[in-house]
């Protein structure tokens, strides 16, 4: 490894995400990392062909894997066989491998929106007026639909999950580097998911988010814990994003942003030194 490690920074600058500008975040963040690393940007479809010439692959705003499933699986296979250092490491147990972990967390009694993946388990869901059905490999609300209770009985569960549609006061996201919380943001309006404001988490909020990061067990990496605050005041996990979480870095203050970048750089160096 050279004194200035080389990073292949994976991003889809052209992806049109609702309420977010992937390109702006990745142009800014990759530029900041250039203070300590030699950085080249790469589309997710071309990672496998280029990664051998770099010290590590850093996966950032690469877009939903559904759009390049074959290339993604080829990359994971090649990275493992070649011993490529990948950030986040490919050992994540959450969105990195699909959303079936929500079923496992439900069974294990974690504070998560109840989730099932087969008709025989529908009795585990509370009786509500509407339910959300979404693909196991979904992202960015792709393939998500809302159904009534009588329709739920007719849903085929081939690679699909079902959850009750939860009434909540707001959504909140907790952003981690390794196992340390960096900042939190919340969406006061449930209809405006990406209209985010600063959020000061309570000790109980911190413990809630930390529990899922500890469960995932990544020694290095960026994770975003997304939760909703129910009308009863309870926090429930919506998803644990450990593949390519959007960071909303443009919405935090300069000191928070600088600290995040510094901690990210230290985390990447930690991965490279292993």
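In this note's numbering, the protein residues as written are 1077 to 1350. Where a beta carbon is used, it is the ideal one built from N, C-alpha and C, also for glycine.
Cross-strand partners of residue i (DSSP beta bridge)
i, result
"residue 1211", "1236"
"residue 1122", "In the DSSP output, where bridge partners are listed per residue, residue 1122 has none listed."
"residue 1174", "1172"
"residue 1262", "1248, 1273"
"residue 1206", "1224"
"residue 1192", "1238"
"residue 1082", "1114"
"residue 1162", "1133"
"residue 1253", "1256, 1298"
Top-ranked residue by Cα proximity to residue i, from the options
i, options, result
"residue 1210", "1142, 1079, 1273, 1239", "1239"
"residue 1250", "1225, 1169, 1282", "1282"
"residue 1117", "1335, 1088, 1296, 1204", "1088"
"residue 1040", "1350, 1082, 1338, 1125", "Residue coverage of the chain in this structure runs from 1077 to 1350, which leaves residue 1040 outside it and unanswerable."
"residue 1094", "1157, 1244, 1180, 1269", "1269"
"residue 1318", "1164, 1345, 1189", "1164"
"residue 1159", "1309, 1244, 1096, 1128", "1128"
"residue 1307", "1098, 1110, 1226, 1247", "1247"
"residue 1197", "1255, 1183, 1206, 1291", "1183"
"residue 1105", "1340, 1221, 1145", "1340"
"residue 1212", "1174, 1302, 1186, 1228", "1174"
"residue 1079", "1279, 1114, 1280, 1199", "1114"
"residue 1177", "1314, 1330, 1227", "1314"
"residue 1278", "1234, 1346, 1309, 1350", "1309"
"residue 1145", "1135, 1125, 1121", "1121"
"residue 1195", "1229, 1097, 1092", "1229"
Contacting residues, own chain, Cβ-Cβ under 7 Å from residue i (five flanking each side not counted)
i, result
"residue 1123", "1084, 1086, 1133, 1151"
"residue 1045", "No answer is possible for residue 1045: it lies beyond the span of the chain, which begins at 1077 and ends at 1350."
"residue 1324", "1261, 1272"
"residue 1077", "In this predicted model, residue 1077 has a pLDDT of only 46, less than 50, meaning its place in the structure is not dependable; the value taken from the coordinates is given anyway. Same-chain partners within the cutoff: 1131, 1348."
"residue 1321", "1298, 1299, 1300"
Own chain, CB closer than 6 Å to residue i, minus 5 neighbours either side, in chain order
i, result
"residue 1231", "1209"
"residue 1336", "1258"
"residue 1181", "1188"
"residue 1334", "none"
"residue 1345", "none"
"residue 1275", "1248, 1260, 1261, 1262"
Presumed contact (8 Å Cβ cut-off) between residue i and residue j, rounded CB distance
i, j, result
"residue 1137", "residue 1112", "Wrong, their Cβ atoms sit about 20 Å apart, outside the cutoff."
"residue 1316", "residue 1288", "5 Å"
"residue 1191", "residue 1237", "5 Å"
"residue 1331", "residue 1100", "With a Cβ gap of about 20 Å, residue 1331 and residue 1100 do not count as contacting."
"residue 1293", "residue 1169", "7 Å"
"residue 1290", "residue 1255", "7 Å"
"residue 1186", "residue 1241", "Not a contact, Cβ separation roughly 20 Å."
Contacts around residue i, its chain only, beta-carbon distance under 8 Å, and the 5 residues preceding and following it disregarded
i, result
"residue 1166", "1152, 1155, 1156, 1172"
What beta strand (DSSP E) runs, 3 residues minimum, are completely inside the region 1285-1340?
Runs of the beta strand (DSSP E) inside the region 1285-1340: 1298-1306, 1311-1317.
What are the complete alpha helix (DSSP H) segments, minimum 4 residues, inside the region 1129-1159?
Fully enclosed alpha helix (DSSP H) runs of 4 or longer: 1145-1158.
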